[in-house]
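Residues 15 to 140 in my numbering are what the sequence shown lists, from first letter to last. Heads up, the beta-carbon is just placed ideally off N, CA and C, and yes, glycines get one too.
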Amino acid sequence: YRPRGVDIDRSGSGVILYVADSYNHRIRKVDVGRSSTFSVNTKSGSGYEDGAVSNARFVYPWDVAVDTYQRSPEKPLIYVTENGHRVRIVDMLTSTVTTLAGYPGQASYKDGLRFSARFNNPRGIA
15 YRPRGVDIDR SGSGVILYVA DSYNHRIRKV DVGRSSTFSV NTKSGSGYED GAVSNARFVY
75 PWDVAVDTYQ RSPEKPLIYV TENGHRVRIV DMLTSTVTTL AGYPGQASYK DGLRFSARFN
135 NPRGIA
């Protein structure tokens with residue numbers, strides 16, 4: 015429901031789309047060749063939890079960027095911007111979600127490391 019950002023991973027044996035499914039608070043993986051879709055994070059509702067993808071939650075994710083540099087094509091890093099004022103990483107190799115920068119629920123503009131940095135609803139990522 016209201017998907018926002020999309021990135022394409024062509025590095026493996028097929029074409030994979032990663033979609034920021036904003037109003038469902040999920041990141042979706044779409045295997046174009048197999049016509050299959052599944053949710054990368056499975057906990058329902060919005061939230062700020064990092065950790066295992068089965069427990070992680072997002073707040074209106076807006077955009078995704080796939081990074082397969084020096085990684086297995088099936089296990090990329092997925093960078094996510096979200097309305098929770100953060101930039102986060104989904105590591106498909108370890109099946110974890112971590113906050114790269116920003117602090118949940120605190121909109122502002124400030125340079126800094128990890129949790130001391132502040133964003134105000136970052137939208138795009140490349």
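Exposure of residue i, with buried meaning 16 or more beta-carbon neighbours within 10 Å
| i | result |
| --- | --- |
| residue 70 | buried |
| residue 125 | exposed |
| residue 34 | buried |
| residue 100 | buried |
| residue 48 | exposed |
Close Cβ partners of residue i (< 6 Å) along its chain, the five nearest in sequence each way excluded
| i | result |
| --- | --- |
| residue 15 | 37, 38 |
| residue 73 | 60, 96, 97, 98 |
| residue 80 | 21, 23, 32, 90, 92 |
Residue from the options with nearest C-alpha to residue i
| i | options | result |
| --- | --- | --- |
| residue 63 | 136, 118, 132 | 118 |
| residue 57 | 132, 18, 46, 111 | 111 |
| residue 114 | 129, 121, 108 | 129 |
| residue 104 | 140, 18, 55 | 55 |
Backbone CA spacing between residue i and residue j [nearest angstrom]
| i | j | result |
| --- | --- | --- |
| residue 98 | residue 29 | 29 Å |
| residue 88 | residue 41 | 16 Å |
| residue 43 | residue 134 | 26 Å |
| residue 75 | residue 27 | 27 Å |
| residue 85 | residue 102 | 18 Å |
| residue 106 | residue 66 | 10 Å |
| residue 45 | residue 51 | 6 Å |
| residue 17 | residue 139 | 15 Å |
| residue 68 | residue 19 | 22 Å |
| residue 120 | residue 109 | 26 Å |
| residue 53 | residue 127 | 30 Å |
Sequence-distant residues of its chain with Cβ nearer than 7 Å to residue i (five each side left out)
| i | result |
| --- | --- |
| residue 82 | 23, 25, 90 |
| residue 137 | 76, 77, 95 |
| residue 116 | 99, 100, 101, 131, 132, 133 |
Cβ neighbours of residue i in the same chain (closer than 8 Å, five flanking residues each side left out)
| i | result |
| --- | --- |
| residue 123 | 132, 133, 134 |
* Asked: Counting only runs that start and end within the stretch 53-88, where is the beta strand (DSSP E) found for 3 or more residues in a row?
  -> 75-81
* Scan the stretch 100-129 and note each continuous beta strand (DSSP E) run of 3 residues or more that stays entirely inside, going in chain order. => 100-105, 110-116
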